[in-house]
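Residue numbers (my numbering), protein chains in the order written: chain A, -17 to 241; chain B, 57 to 263.
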């Protein structure tokens, strides 16, 4: 995991102790747990002193927290792929080999996704590398189905979109770019090898839209990370003001989750 | 009484959703515009065809320049305008599917343009609006296929392909809005300073 946690030993701290210098982002950021030393000293629970329990868990760039939340999207995207794949496999199967490959791949994917879903339901999201490997398996399964159905003419390539949607919102930008390039590269080569020249505009459109979905999802995820960081910063400033003026009633109305 | 800075009101949250979401929709629209222009230039076989189809994309490009410029200047358009522009996107894509020279309806390969547009919209608006938009996209594509008489409705392979495409359009909307609601919940809790859930999840990840 690539989490960057607040650690006083690793950062330059402002004189008042409320800000630290983030060398990566080149900006001052609020210390995750304001007045932590005093509270930690008076708190017998050692877990409360752990940096990972601080407000910083909401902030920053895309990282494992985001992967944990994005996993639910990935899991549901995979269930859609599995459910649709099963439905369509039994709808007018053409030959035995194709059906065997389809069912074997889909059932293997279903077992893996069941494991990941159970982990989520238990509140224990899978390790990052497991999630990365599962998404790679999604791409491999869709690619196998495309290859079995003679490449470019295969209609199942659209399941790349479902896989890329989950990847784009759950993974960091670099990982998203890597997976997207992998899909575009592999599928592009398959198409160029199996399509006629007249089909090249359609191939271009398919590859462009796959990339567009990845860009949109990851852009949104980055915006959301920034918004959370801003919300926490404002929340910290509000707490500071309330501490300085204890008689003041905060006029806050936190936003309700969207329905 | 000193002025206390508001954390984040519900109305502000809605406005922010549209503000931040607009950029996602605009980038999705840019992808449609780029795809359309490249396809027009690539597939045109005579001057007449090119001069008839290109202005459509140039107008769309001008509109998106305007929207993007407003966004960059910090004065994005309101929710209604964003919805109307997104509906126009669907109409444009449906027109491509129906009218594109060569292949029409189900046999037209440019239906994939629906995917980024529906996905981007689902990342911005609440569930009811998103559901309506996704249903509209499905109805428009289904209508385009029926209008061009390219779907036999005999439960054969063409019907199967159509169902597959409609399911993926629906999945784009569902997955996008599902993630949108997850993010709204996270943001609301961040605004309240509630960190228990993520801390718990992080504990799970660390195992």
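We treat Cβ as the ideally placed atom computed from N, Cα and C, and that holds for glycine.
| message | Which of the three DSSP states is assigned to residue 205/B in this structure? | response | Looking at residue 205/B - three-state DSSP - the assignment turns out to be coil, as it is neither helix nor strand.
Worksheet item: Does the beta-carbon distance from residue 68/A to residue 88/A come in below 8 angstroms?
Response: Yes, these two residues count as a Cβ contact at 8 angstroms.
Between residue 109/B and chain A, is there a C-beta pair that is closer than 8 angstroms?
Judged by the 8 angstroms Cβ criterion, residue 109/B is not in contact with chain A.
Q) Under a CB-based cut-off of 8 angstroms, is residue 76/B close to chain A? A) Closer than 8 angstroms: yes.
For the 8 angstroms Cβ check, are there 3 or more pairs between the stretch 225 to 236 of chain B and the stretch 58 to 66 of chain A? Segments in contact, yes.
- Report yes if the C-beta distance between residue 116/A and residue 162/A is below 8 angstroms; otherwise report no. Contact flag unset, no.
For this session: Starting from residue 122/B, find everything on chain A with Cβ-Cβ shorter than 7 angstroms and list it in chain order.
Result: Under the 7 angstroms cutoff, chain A gives no residues; its nearest Cβ is about 20 angstroms from residue 122/B.
| What residues in its chain sit with their C-beta under 8 angstroms from that of residue 53/A, if we drop five residues either side in the sequence? | Here the set comprises 98, 102, 107, 108, 113 and 152.
Endpoints, the alpha helix (DSSP H) within which residue 125/B is located: It spans 103 to 128 - the alpha helix (DSSP H) in which residue 125/B sits, taken as one unbroken run.
Please confirm whether residue 206/A has its beta-carbon closer than 8 angstroms to some beta-carbon of chain B. True, the Cβ-Cβ gap to chain B drops below 8 angstroms.
Worksheet item: When the Cβ atoms of the stretch 161 to 175 of chain B are set against those of the stretch 98 to 110 of chain B, are three or more pairs found closer than 8 angstroms?
Response: These segments do not touch.
Checklist entry - Using a beta-carbon distance below 8 angstroms, is residue 43/A in contact with chain B? => result At residue 43/A, the pLDDT of 42 sits below 50, so the modelled position is not reliable; the number obtained from the coordinates is stated separately. Closer than 8 angstroms: no.
task: Just the chain B side, please: which residues come within less than 7 angstroms of residue 173/A by C-beta, in chain order?
output: Residues of chain B passing the Cβ test: none, with the nearest at roughly 11 angstroms.
Among the residues of its own chain, which have a CB less than 7 angstroms from the CB of residue 284/A, if the five just before and after it don't count? Shown here, chain A extends from -17 to 241; a query on residue 284/A therefore has no answer.
Quiz item: Based on Cα-Cα distance, which residue from 148/B, 121/B, 238/B and 224/B lies nearest to residue 182/B?
Solution: Answer by Cα proximity: 238/B.
Mind reading off the beta-carbon distance from residue 192/A to residue 165/A? Whole number of angstroms is fine, and I expect it under 8 angstroms. So it is a contact: roughly 6 angstroms between Cβ atoms.
Q.
Please tell me whether residue 127/B has its Cβ less than 8 angstroms away from any Cβ of chain A.
A. The Cβ of residue 127/B sits no closer than 8 angstroms to any Cβ of chain A.
Margin query: Under 8 angstroms, CB to CB, which of the residues in the stretch 111 to 141 of chain A have a partner in chain B?
Written below: Cβ contacts with chain B come from 137, 138, 140 and 141.
Q: Give the straight-line distance between the Cα atoms of residue 101/B and residue 182/A, rounded to the nearest whole angstrom.
A: Rounded to the nearest angstrom, the two C-alpha atoms are 15 angstroms apart.
Nearest by alpha-carbon distance to residue 200/B: which of 186/B, 184/B, 153/B and 133/B is it?
If we check each option's Cα against that of residue 200/B, 153/B comes out closest.
- Task: If I'm right that residue 83/A touches residue 130/A with Cβ under 8 angstroms, what's the distance once you round it to whole angstroms?
- Result: The beta carbons of residue 83/A and residue 130/A sit about 5 angstroms from each other, so the pair counts as a contact at 8 angstroms.
Can you check whether the CB of residue 146/B is closer than 8 angstroms to the CB of residue 116/B? Inclusion of residue 116/B and residue 146/B in the CB contact set at 8 angstroms is not warranted, their separation being larger than that value.
* To do: Indicate whether at least one CB of chain B lies closer than 8 angstroms to the CB of residue 186/A.
  => Closer than 8 angstroms to some Cβ of chain B, the Cβ of residue 186/A qualifies, so yes.
* How is residue 137/B classed by DSSP in three states: helix, strand or coil? -> Helix, per DSSP.
>> Taking beta-carbon pairs under 8 angstroms, can you tell me which members of the stretch 94 to 107 of chain B lie near chain A?
In response: Residues passing the 8 angstroms Cβ filter: 94, 95, 98 and 99.
In whole angstroms, what separates the C-alpha of residue 91/A from that of residue 12/A?
Roughly 43 angstroms separates the two Cα atoms.
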